[in-house]
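**Q**
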Amino acid sequence: MDKPVTLVTGVSRGIGLAIAHEQIQRGHHVVGFARSKPDNFPGTFVSVDLADRKATAAALADVTRRFKVLRLVNNAGIARFTALDGKADAGFDEMMAVNVRAVLQCIDAVAPAMRAARFGRIVNIGSRASLGKQGRLVYGASKAAVTGLTRTAAIEMMRDGVTVNCIAPGPIETDMIRQGYPVGSAERARFTAEVPMGRFGTPEEIAAAAGYFLSDAAGFTTGQVLFVCGGLSVSLAPV
Numbered sequence: 031m032d033k034p035v036t037l038v039t040g041v042s043r044g045i046g047l048a049i050a051h052e053q054i055q056r057g058h059h060v061v062g063f064a065r066s067k068p069d070n071f072p073g074t075f076v077s078v079d080l081a082d083r084k085a086t087a088a089a090l091a092d093v094t095r096r097f098k099v100l101r102l103v104n105n106a107g108i109a110r111f112t113a114l115d116g117k118a119d120a121g122f123d124e125m126m127a128v129n130v131r132a133v134l135q136c137i138d139a140v141a142p143a144m145r146a147a148r149f150g151r152i153v154n155i156g157s158r159a160s161l162g163k164q165g166r167l168v169y170g171a172s173k174a175a176v177t178g179l180t181r182t183a184a185i186e187m188m189r190d191g192v193t194v195n196c197i198a199p200g201p202i203e204t205d206m207i208r209q210g211y212p213v214g215s216a217e218r219a220r221f222t223a224e225v226p227m228g229r230f231g232t233p234e235e236i237a238a239a240a241g242y243f244l245s246d247a248a249g250f251t252t253g254q255v256l257f258v259c260g261g262l263s264v265s266l267a268p269v
């Protein structure tokens, strides 16, 4: 295949789908991982549950055999409400499996081809919740782990021409955010008021940031965490 290949996880909707379309517009062939296929997906779709270690390994083995993957976006993630209420570990295994273990699996699978090509771009999607957010005890911990993984992977691969960076979104207008903060709800109004820019972000704004990290021009940028959060990470607004 002549087109450069980008692998994007969690491609069925929201941020992942926006990143897939952004890469397609740049002339890339996108391989998308998700449990359900989005409508009219213009790339190669692979149905896989990233919570399943063996299924993830099999999907990665097949894709890396068929394609030379030199760009990877680890976007898939799940969030559950957890707090110190006697059930703090609810959903721990599933969140850590998808948000951390699958990220490591994907990086490990594509690293050999990137190192051989002396070129690679890896983008991990973290979260502003990694800095702390009420009700996101385990989710925040999993995304903080993504930050550490990003920095260490960057150190290990920078001499091979491979960059590894992280985007940490704030509240983005996705199905996940709408479930927690329904349109028209008092909870949504309160959260929006806490965002210094006074609104939620869009998946396309995250895709634009990913577009830079994935580009040829980003070869001197690695190990970085970019907060795309409407100012939440630098303001004194309550979180």
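In our numbering, the protein residues as written are 31 to 269.
Yeah, the Cβ is synthetic: ideal placement off N, Cα and C, and Gly gets one too.
Check Arg148 in the structure and name its three-state DSSP category.
**A** Residue mapping note: residue 148 aligns to position 118 of the sequence shown, counting from 1. Three-state DSSP puts Arg148 in coil, outside helix and strand.
**Q** Under the three-state reduction of DSSP, which class applies to Ile45: helix, strand or coil?
**A** Against the sequence shown, residue 45 aligns to sequence position 15. Here Ile45 sits in helix by DSSP.
**Q** Express the C-alpha separation of Ser215 and Ile137 in angstroms, rounding to a whole number.
**A** Within the sequence shown, numbered from 1, the residue matching residue 137 stands at position 107. Within the sequence shown, numbered from 1, the residue matching residue 215 stands at position 185. Taking the straight line from one Cα to the other gives about 39 angstroms.
**Q** Buried or exposed for Glu52, going by 16 or more other Cβ atoms inside 10 Å?
**A** Within the sequence shown, residue 52 is the residue found at index 22, counting from 1. Glu52 should be labelled buried.
**Q** For Pro201, does the three-state DSSP call read helix, strand or coil?
**A** Here residue 201 refers to the residue found at position 171 when the sequence shown is read from its first residue. If DSSP states are grouped into helix, strand and coil, Pro201 belongs with coil.
**Q** If Pro212 and Arg218 are in contact, beta carbons under 8 angstroms, what's the gap, nearest whole angstrom?
**A** Here the question's residue 212 lines up with position 182 in the sequence shown. Here the question's residue 218 lines up with position 188 in the sequence shown. Their Cβ separation, rounded to whole angstroms, is 6 angstroms, which keeps Pro212 and Arg218 in contact under 8 angstroms.
**Q** Looking at Arg158 and Cys259, is the spacing between their C-beta atoms short of 7 angstroms?
**A** Translated into the one-based positions of the sequence shown, residue 259 becomes position 229. Translated into the one-based positions of the sequence shown, residue 158 becomes position 128. In this structure, Arg158 lies closer than 7 angstroms to Cys259 by Cβ.
**Q** Excluding the 5 residues flanking Ala118 on each side, which residues of the same chain have their C-beta closer than 8 angstroms to its C-beta?
**A** As a first step, residue 118 is located in the sequence shown; it is residue number 88 there, counting from the start. Taken in chain order, the residues that qualify are Thr112, Leu167, Val168.
**Q** According to DSSP, what are the bridge partners of Gly260?
**A** As a position in the sequence shown, residue 260 is number 230, starting the count at 1. According to DSSP, Gly260 bridges with nothing at all.
**Q** State the CB to CB distance for the pair Lys163 and Gly170, rounded to an integer number of angstroms; the pair is presumed to be in contact (CB under 8 angstroms).
**A** Indexing the sequence shown from 1 puts residue 163 at position 133. Indexing the sequence shown from 1 puts residue 170 at position 140. Their Cβ separation, rounded to whole angstroms, is 6 angstroms, which keeps Lys163 and Gly170 in contact under 8 angstroms.
**Q** Look at the Cβ atom of Ile197, then the Cβ atom of Ala239, and state whether they are nearer than 7 angstroms.
**A** Here the question's residue 197 lines up with position 167 in the sequence shown. Here the question's residue 239 lines up with position 209 in the sequence shown. Yes, Cβ-Cβ distance for Ile197 and Ala239 is below 7 angstroms.
**Q** By how many angstroms is the C-alpha of Gly40 removed from the C-alpha of Pro268?
**A** The residue you call residue 268 lines up with position 238 of the sequence shown. The residue you call residue 40 lines up with position 10 of the sequence shown. Unreliable placement is indicated for Pro268, whose pLDDT of 48 sits below 50; no coordinate value is reported for it.
**Q** Going along the chain, which residues of its own chain have a beta-carbon closer than 8 angstroms to the beta-carbon of Ala271, five neighbours each way excluded?
**A** Residue numbering for the chain in the displayed model covers 31 to 269; residue 271 lies beyond these limits and cannot be assessed.
**Q** Identify the continuous beta strand (DSSP E) that holds Ser172 and give its terminal residues.
**A** Here residue 172 corresponds to residue number 142 of the sequence shown, with the count starting at 1. Where Ser172 is concerned, there is no enclosing beta strand (DSSP E), although the alpha helix (DSSP H) it sits in stretches over 167–187.
**Q** Straight-line CA distance for Val99 to Phe122?
**A** Here residue 99 refers to the residue found at position 69 when the sequence shown is read from its first residue. Here residue 122 refers to the residue found at position 92 when the sequence shown is read from its first residue. When rounded, the distance between both Cα atoms is 30 angstroms.
**Q** Run through DSSP, which three-state label would Asn105 get?
**A** Position 75 of the sequence shown holds residue 105. The answer is coil: DSSP assigns Asn105 none of H, G, I, E or B.
**Q** For Asn154, which residues does DSSP report across the bridge?
**A** Start at 1 with the first residue of the sequence shown, and residue 154 comes out as number 124. In the DSSP output, where bridge partners are listed per residue, Asn154 has Asn104, Cys196.
**Q** From Pro109 to Ala120, what does the alpha carbon distance come to, in whole angstroms?
**A** Stepping through the sequence shown from its first residue, residue 109 is reached at position 79. Stepping through the sequence shown from its first residue, residue 120 is reached at position 90. Correcting the residue type first, residue 109 is Ala in the shown sequence and not Pro. Computed Cα separation, rounded: 11 angstroms.
**Q** Could you check if Ser172 is buried or exposed, using at least 16 other CB atoms within 10 Å of its CB as the buried criterion?
**A** Numbered from 1 along the sequence shown, position 142 holds the residue referred to as residue 172. The residue in question, Ser172, is buried, as its Cβ has 16 or more Cβ neighbours within 10 Å.
**Q** In the DSSP assignment, find the alpha helix (DSSP H) that holds Phe230 and state where it starts and stops.
**A** Counting from one through the sequence shown, the residue named residue 230 turns up at place 200. Per DSSP, Phe230 belongs to no alpha helix (DSSP H) and is neither H nor E.
**Q** Please work out which residues of its chain come closer than 6 angstroms, Cβ to Cβ, to Thr74, disregarding the five sequence neighbours upstream and downstream, and give them in chain order.
**A** Against the sequence shown, residue 74 aligns to sequence position 44. These residues qualify, in order along the chain: Val61.
**Q** Just reading off the beta strand (DSSP E) that Ala159 is part of, what are its end residues?
**A** Here residue 159 is taken as the residue at index 129 of the sequence shown, counted from 1. From DSSP, Ala159 is part of no beta strand (DSSP E); its letter is neither H nor E.
**Q** Does the distance from the C-beta atom of Ala106 to that of Val128 stay below 7 angstroms?
**A** Within the sequence shown, residue 106 is the residue found at index 76, counting from 1. Within the sequence shown, residue 128 is the residue found at index 98, counting from 1. Contact flag set, yes.
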